[in-house]
Amino acid sequence: MREDLIFYTNPQSRGRIVRWMLEEVGVAYKTVVLDYGAGMKSVEYLAINPMGKVPVIVHNGNVVTEGAAICAYLAEVFPAAGLLPQTMKEKANYYRWLFFAAGPLESALTNKRVFAEEPDAEKERMLGYGNYEYTLSTLAMAVKANPFIAGERFTAADVYVGSHIGWGMQFGTLEKREAFVDYFARLQQRPALKRAAELDDALVEKASET
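Set out below in structure tokens:
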């Protein structure tokens, strides 16, 4: 039943990552759209996620927050979708790059957008990602190594890593290096990504009409 899996989101948020993952999994789910004001800060929603942010899923009463965690969770609880790594090599790459994207990459891209100046060498030691250039060069190496981030097969890690690369290039926080362009072009062929984008774009359009 749809009510067994509830998806809290806003179409102009990181919820688009989870929407893509849900479409890859291919199970029925209920969507609850929240605005950035009263919706996300209501008493009812804060009881689900005290951070007052989206995305969140509630599966059989169990709450999962954080985009990377949700992707990993859905891949595990719905194994028939084939989005889990299989070999030890795939597992190593899967976990390495999934958490790289959730930690160093997201921090580097966010800081690049918010702060005008790069941190000096002394401050770099305090940052989990070092600096922007190190992070992007490492990511470029990762996406050039194989067709997909964990190897020859598409996995849940590609949903998360690919979303950050796609958004980064779109909004100018990530350089359009050839490795990133080629990698994301492969992901854009995914039918689930196209369906997810259509669903969220329709919600954005609907909101603009009200």
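Under UniProt numbering, the first residue of the sequence shown is numbered 1, with each subsequent residue one higher.
Using N, Cα and C, we set each Cβ at its ideal position, and we do this for glycine too.
For residue i, tell me which candidate among the options has the shortest Cα-Cα distance.
i, options, result
"A108", "A80, S137, N93 and Y94", "S137"
"A75", "V64, P104, V25 and T110", "V25"
"N146", "R125, K89, L83 and Y129", "K89"
"D4", "G61, G39, A80 and E44", "G61"
"S208", "D35, R16, I17 and G15", "D35"
"A150", "A101, L127 and K206", "A101"
"F180", "V161, V43, G52 and L193", "V161"
"P11", "V33, A142, M141 and I48", "V33"
"T110", "N131, M126 and W97", "N131"
"V56", "I17, K176 and D200", "I17"
"I48", "G37, A38 and V63", "V63"
"T175", "K194, Q189 and E133", "Per the sequence presented here, residue 175 reads as Glu, with Thr not at that position. It is E133."
"W97", "G67, V143, E122 and A38", "V143"
"V54", "F78, S13 and A72", "S13"
"G15", "G37, S163 and V77", "S163"
"F78", "E122, D120 and Y29", "Y29"
Along the chain, where does the alpha helix (DSSP H) that runs through residue i open and close?
i, result
"G9", "For clarity, residue 9 is Thr in the given sequence; the question names Gly instead. Premise fails: T9 lies in the beta strand (DSSP E), L5 to T9, not in any alpha helix (DSSP H)."
"I48", "From DSSP, I48 is part of no alpha helix (DSSP H); its letter is neither H nor E."
"V27", "First-last for V27: undefined, no H or E at that position."
"T65", "Segment N62 to T65 is the beta strand (DSSP E) holding T65; no alpha helix (DSSP H) there."
"G103", "Here G103 belongs to no alpha helix (DSSP H), and DSSP marks it neither H nor E."
"F180", "E178 to L187"
Note down the Cα distance separating residue i from residue j, rounded to an integer number of angstroms.
i, j, result
"A197", "P191", "10 angstroms"
"T155", "I70", "13 angstroms"
"L139", "D158", "12 angstroms"
"L203", "L187", "22 angstroms"
"E152", "I165", "19 angstroms"
"F99", "K206", "34 angstroms"
"A92", "L83", "15 angstroms"
"V27", "E124", "43 angstroms"
"M141", "G52", "35 angstroms"
Applying the 10 Å Cβ sphere with the 16-neighbour rule, what's the burial state of residue i?
i, result
"L46", "exposed"
"G172", "exposed"
"F115", "exposed"
"M40", "buried"
"G168", "buried"
"P50", "exposed"
"residue 219", "Not covered by the structure: residue 219. The range shown for the chain is 1 to 210."
"residue 211", "Because the chain in this structure spans residues 1 to 210, residue 211 falls outside the shown range and cannot be described."
"E106", "buried"
"D200", "buried"
"A68", "buried"
"R23", "According to the sequence as given, residue 23 is Glu; it is not Arg. Result: buried."
"A80", "exposed"
"A38", "exposed"
State the CB to CB distance for the pair residue i and residue j, rounded to an integer number of angstroms; the pair is presumed to be in contact (CB under 8 angstroms).
i, j, result
"T65", "T31", "Wrong, their Cβ atoms sit about 16 angstroms apart, outside the cutoff."
"P85", "Y94", "4 angstroms"
"W20", "L127", "At roughly 29 angstroms, the Cβ-Cβ gap does not stay under 8 angstroms, so W20 and L127 are not in contact."
What span of residues does the beta strand (DSSP E) with residue i cover, start to end?
i, result
"I149", "It is not in any beta strand (DSSP E) - I149 carries neither H nor E in the DSSP assignment."
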